[in-house]
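Asks: Please see the structure below; I have some questions.
In UniProt numbering, the protein residues as written are 1 to 198.
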């Protein structure tokens, strides 16, 4: 076919065929359920939330169990007084000096009654502190420390016989320490779950 002159070539543009559209990509294959992914990229299931115990509005003490513990503490205090009188007064033959406001007429009975009354008073005080103060253990600890120290030193003002005064003071101190430690343990085991106490 003859080529047209240059001045007439623009009337016959070169026709090029348009490219056909590319075929769509094939869909991805479905995942194989038998494939095991490494542990590092496996999706982790959310851990179940631990149940949270409801927090009471205020300190809550199981009063029945608490006062049963106070009664057991009073029994221990009374027995410490009996053992102290037997060891010091009967075996070591050291006269003990006591104040007997209830008129029991017996050194052993005075220690027993004093230990029981001290346990009940301390138990009531600790119960009150647990219900009304923010740090019942701290307050009770200081009160019991000062009360026990006073009970241990008071016999020195009742007699001029140092041996008798010291022996009586040691028994008083043992009774006070026993009441102190046992009641704090009772309180810790009788708070209901969820109670926040320092």
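All C-beta atoms, glycine included, are put in the ideal place defined by N, C-alpha and C. Predicted, not measured: the structure shown is a model, and the values here were computed from it.
Looking only at DSSP bridge pairs, what is residue 61 linked to?
Replies: Counting from 1 along the chain shown, the entry for residue 61 is found at position 61. The partner list for residue 61 (beta bridge, DSSP) reads 191.
Asks: Which full runs of the alpha helix (DSSP H) of 4+ residues lie inside the segment 125-167, going along the chain?
Replies: Runs of the alpha helix (DSSP H) inside the segment 125-167: 136-153.
Asks: Among 184, 150, 173, which residue has its Cα nearest to the Cα of residue 80?
Replies: Taking the chain shown and counting its residues from 1, the one referred to as residue 80 is at position 80. Here the closest residue by C-alpha is 173.
Asks: How would you label residue 166, buried or exposed, when you count the other beta carbons within 10 angstroms and need 16 or more for buried?
Replies: Indexing the chain shown from 1 puts residue 166 at position 166. By the 10 Å Cβ count, residue 166 comes out exposed.
Asks: Judging by CA-CA distance, which residue of 26, 114, 152 is the nearest neighbour of residue 170?
Replies: Looking up residue 170 in the chain shown gives position 170. Looking at the Cα atoms, 152 is the closest of the given residues.
Asks: So what does DSSP say about residue 100, is it helix, strand or coil?
Replies: The sequence position of residue 100 within the chain shown is 100, counting from 1. Coil at residue 100, not helix or strand.
Asks: Does the segment 64-76 come into contact with the segment 95-113, if we say contact requires no fewer than three beta-carbon pairs (one atom in each stretch) closer than 8 Å?
Replies: The segment 64-76 is not in contact with the segment 95-113.
Asks: Under the three-state reduction of DSSP, which class applies to residue 106: helix, strand or coil?
Replies: Residue numbering aside, residue 106 sits at position 106 when the chain shown is read from its first letter. Coil at residue 106, not helix or strand.
Asks: If you compare alpha carbons, which of 78, 145, 25 is closest to residue 199?
Replies: The question about residue 199 has no answer, for the chain in this structure spans 1 to 198.
Asks: Classify residue 84: buried if its beta carbon has 16 or more other beta carbons within 10 angstroms, exposed otherwise.
Replies: The residue you call residue 84 lines up with position 84 of the chain shown. Residue 84 should be labelled buried.
Asks: Pick helix, strand or coil for residue 92, following the three-state DSSP scheme.
Replies: Reading the chain shown from its first residue, position 92 is the one you call residue 92. Residue 92: coil per DSSP, three-state reduction.
Asks: Compare the C-alpha of residue 86 against each of 75, 104, 61, 112 and name the closest.
Replies: Start at 1 with the first residue of the chain shown, and residue 86 comes out as number 86. Nearest of 75, 104, 61, 112 to residue 86, Cα basis: 112.
Asks: Less than 7 Å separating the Cβ of residue 67 from some heavy atom of the ligand GTP?
Replies: The ligand GTP is not part of the structure shown, which contains no ligands of any sort.
Asks: Just to confirm my understanding: we take residue 155, look at its own chain, exclude 5 residues before and 5 after, and list those with CB closer than 6 Å. What are they?
Replies: As a working note, residue 155 is residue 155 in the chain shown. So the list reads 97, 165, 168, 169, once near-sequence residues are dropped.
Asks: In whole angstroms, what separates the C-alpha of residue 188 from that of residue 121?
Replies: Here residue 188 refers to the residue found at position 188 when the chain shown is read from its first residue. Here residue 121 refers to the residue found at position 121 when the chain shown is read from its first residue. If I take the Cα positions, the gap works out to 18 Å.
Asks: Pick out whichever of 94, 117, 179 has its Cα sitting closest to the Cα of residue 102.
Replies: Indexing the chain shown from 1 puts residue 102 at position 102. Comparing Cα-Cα distances from residue 102 to each of 94, 117, 179, the minimum goes to 117.
Asks: Taking the Cβ atom as the reference point for each residue, do residue 140 and residue 184 lie within a distance shorter than 8 Å?
Replies: Mapped onto the chain shown, residue 140 falls at position 140. Mapped onto the chain shown, residue 184 falls at position 184. Taking 8 Å as the Cβ cut-off, residue 140 and residue 184 qualify as a contacting pair.
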